[in-house]
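For the sequence shown, the numbering used here gives the first residue as 2, with consecutive numbering after it. Cβ coordinates follow ideal geometry from the N, Cα and C atoms, glycine included.
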Amino acid sequence: MTNKKKMGKFKKFKQSKIFRIKAKPETTKIRRLRFRNRAVVMLLGYLTVLLLLIIKMLFIWINDNQKYELAVLDRLSKKDVILDPLRGSILDKNSKTLAVSQIAYDVILDPKTLLEDVDEVERNRIITELAKFSGQSEIAIIEMLNKSANSRYKLFLKDISISDKDRLVALKLKTVSYIQSALRIYPKGDFASAMIGFYNGVEGQYGLEQFYNPYLKGEPGRIFTNITSGELLTNKTIPAINGSSLVLTIDETIEQTVQAVMNDFVQKSDPVAASAIIMNPNTGEIYAMYSYPSFNPNTYGNLSSQLGPEWNEMTPEQKSEELYRAWRNYNIQNVYEPGSTFKPLMVAAALDLGYLQPDEFRANCTGSINVAGTNVNCWYGPGHGIQTVEQVLANSCNPGVIEIANLVPNDIFYEYMLEFGLLEKTGIDLAGERIGIIHDLEQFGPLEKATASMGQNFKLTPMQLLTGFNSVINGGYLIEPYVVSHIIDSGGSIIYSKTPTVKRQVISTETSKLITQDLESVVTTGTGGFAAVPGYRIGGKTGTAEKGYPRDEKKSILSFIGYTPIEKPKIVAMILMDEPRNDEIGGTGLAFSTIMKEILPSFELFGDNQKPMQVNLVKVPDLRNMDIYNAIELVNELELDVITKGGGNIVAEQYPAAGIMLPIGANITLYLETNKTQSLVNVPNLVGLFPADAKKMLGTALFLEIYGESDLQILNQIPPAGTLLDRNSKIIVNTSN
């Protein structure tokens, strides 16, 4: 057969129909029956095995229940019991306790034994005594026991005192045991709370408690335990190692004074926040630190004592926000625009490299200055006139300090801002310190430089500014501030001792000395009159910074930095009020003065044989709108000296303002204005002349009014030489004592 024929057959085969043979119906029924029988047999087998397992489990449960239950309890009870160490104490510089941990005890119950093995009478007695001790109801305790009926370890009370534990032990309560723990106590409540921080039961939070947590926490101990057949066996105990204690630079007495004064001013001024720092500018030691709002670290999660009923009405979110504000230390965790308190740093930078020559420099304040097409105003609208460097600082004159800043190249100005530490942490040993926010040098144009010289458009923490300010008055050195003097371990050995840390010298000693002396005039004749302290020479600087963009004069931060003695400052203080709603009480300068009057006697600022000078203070009267003659007469009666600026016969403004206390002999500046269109006449010096000669000198421009004999020499005159008066005004002279 050929291949072709084969292929043909193959095709035919493929095309043919395929027939399937159908099974007979009897065969299908038999298969189904067989499958069903096998399934029934398998199911019966499974059920039989399951039944046997259930019977076995019931047998075990009935006969060996106690044995297996104890075995499970043994496994569950093989655990370590942690022994809490006593957290280290926090002490002030005189070893007065600010924070301490005390031995406490947790009360542990054995519900299973109490419910099953203790007779009913004794059980009821135990429950009754526990209810009396804890203040809980007997029903509540019974419910708690029933819920934990199979447990042999149930925490009933936490952190009871030793004496309370002894009371319970004396009652001989079966199934009640005690495990030692530790309780953190802050005996002085909210005393320096923002600086100290708090302990949350696990670790330190904020302030010293967080920063020094590795030293304070200690090492926990362990009790290795095992319950066998219902009996508690102690196999091994590793004792806890108590934490080390901190000895601070803080003085409790100074801190209490600062807190009392600041709380009083906060109540009167009603600011949204406030802060204060008292420290040694030469060593960096912090003597006191205050931050408002505050909290009590004993109840750190509850501000009801601070906020009253308002606290209970707050939402959880509002409570969290208020707690966060209270826990934060304003001195190191809030940034703000420093305002004029920065000006001494600016002037020091200009002096240090010789860009500013104090003997030659004179600023001319007309009330504003144009910077790159923008008018920058002085706080005193009429202008301060011609001023020396000292007067620019005393008057806190914005145009004057801008003129000084213009003498310094931008890169040098910026470099000094960095040298003063304004873009770095101070290094203070408190948790959470922030750093300032300053323009980059590339963005430091003429206007940015001008506003920066006034302490605006950049932000610092109060601690940053005060550290930089210290370098201006301490000889030129940037010193690291600190709160902890030394650390003592649980055995009484000193394991750490802090010594002053000098980061670098920023300005020369000569520059520092000059600025330190000039800043005394801020208090004697300038903007800081409220800061005067009888018996002490005080230097300092006021500051006001309006908040927001655009600026809101109703929302300002007021501050004052002051120091004493002038020759070599040993104590410096910074007071700050953020948005005081009532600033009519003398502000931060008066708060400074009030604090210093209380604490300065405790510092040995004068030699043993030298007593502080006695200074008599007088209250500045309101001289505005008075004529020049009456104003000067009133000032002279108070034994104050007069400086006149401007021209005219009417006092338009005065400096210092009315109400400020000044020492006898201090200057009052009177700013004059005229209501006439005619020309002004410069008053000559008539002292030492005879009245006849004085009349010739005055000519027809001014008239002479004589008190005393006309043939005697003139002893004094009103107004003084240099005053600009309206033509045809009078000069009053006196020839008699």
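DSSP-derived helix/strand/coil call for Met627: coil
For Gln181 and Tyr106, the rounded distance between their alpha carbons: 4 Å
Helix, strand or coil at Val42 according to DSSP, with G and I counted as helix: helix
Three CB pairs or more closer than 8 Å across the region 427–446 and the region 301–312: no
8 Å contact criterion, which Ile567 and Val348 should meet: CB distance rounded: Wrong, their Cβ atoms sit about 17 Å apart, outside the cutoff.
Per DSSP, cross-strand counterpart(s) of Leu419: According to DSSP, Leu419 bridges with nothing at all.
Residue nearest to Ser295 in terms of C-alpha spacing, selected from Ile279, Tyr288, Ile287 and Arg329: Arg329
Cβ-Cβ separation, Ser270 to Pro581 (assumed contact under 8 Å), whole Å: 4 Å
Proximity of Asn411 and Lys450 at Cβ, strictly below 8 Å: yes
Residue interval of the beta strand (DSSP E) (run including Arg538): Here Arg538 belongs to no beta strand (DSSP E), and DSSP marks it neither H nor E.
Close beta carbons around Phe157, own chain, < 6 Å, minus the five adjacent residues each side: Val108 and Leu110
8 Å contact criterion, which Leu559 and Leu618 should meet: CB distance rounded: About 22 Å separates the two Cβ atoms, so there is no contact after all.
Check: Thr389 C-beta below 7 Å from any heavy atom of the ligand MG: As far as ligands go, the structure on display features none, and thus does not contain the ligand MG.
From Leu520, Val119, Val485 and Ile128, residue whose alpha carbon lies closest to that of Val393: Leu520
Whole-number beta carbon distance between Ser397 and Lys344, since they are thought to touch under 8 Å: 7 Å
Span separating the alpha-carbon of Tyr200 from that of Glu322: 19 Å
For Ser594, three-class secondary structure by DSSP: helix
Residue ranges of each alpha helix (DSSP H) within the region 307–331, 4 or longer: 310–313 and 317–328
Cβ neighbours of Leu703 in the same chain (closer than 8 Å, five flanking residues each side left out): Val682, Val684, Leu726, Arg728, Asn729, Ser730, Lys731 and Ile732
Distance CB(Pro86)-CB(Ile242) smaller than 8 Å: yes
Whole-Å CB distance - Asn303 paired with Ser194, under 8 Å assumed: With 8 Å as the limit, Asn303 and Ser194 do not qualify as a contact, their Cβ atoms being about 13 Å apart.
Met290: first and last residue of the uninterrupted beta strand (DSSP E) it sits in: Ile287 to Tyr293
Length of the line joining the Cα atoms of Thr670 and Thr565: 25 Å
Delimiting residues of the beta strand (DSSP E) encompassing Ser495: Looking at the sequence provided, one finds Ile at residue 495 rather than Ser. Its beta strand (DSSP E) spans residues Ile495 to Ser498.
Other residues of its chain near His385: CB distance less than 6 Å, five sequence neighbours each side excluded: Cys366, Asn396 and Cys398
Nearest-angstrom beta carbon gap, Tyr293 and Ala275 [assumed within contact, 8 Å]: 4 Å
Option nearest Ile715 by Cα separation, candidates Gly198, Met58, Ala695 and Asp490: Ala695
With 16 other Cβ atoms within 10 Å as the buried cut-off, status of Leu346: buried
Proximity below 8 Å, CB of Gly219 to CB of Leu84: no
Length at least 4, wholly inside the region 133–189: the alpha helix (DSSP H) runs in chain order: 139–148 and 163–171
Whole-number beta carbon distance between Thr129 and Glu139, since they are thought to touch under 8 Å: 6 Å
Candidates Ser245, Met597, Ala40 and Thr176, of which the one nearest Arg88 by Cα: Ser245
Boundaries (first-last residue) of the beta strand (DSSP E) holding Lys388: What sits at residue 388 in the sequence shown is Gln, not Lys. Looking at the DSSP string, the run of the beta strand (DSSP E) that includes Gln388 is Gly386 to Gln388.
Residues of its chain near Ala24, where Cβ-Cβ distance is below 7 Å and the 5 sequence neighbours each way are ignored: Only weak support exists for where Ala24 lies, its pLDDT of 48 falling under 50; the coordinates are left without a value.
Of the residues Gln506, Pro447 and Tyr497, the one placed nearest Thr468, counting alpha carbons only: Gln506
DSSP state of Asn475 mapped onto helix, strand, coil: coil
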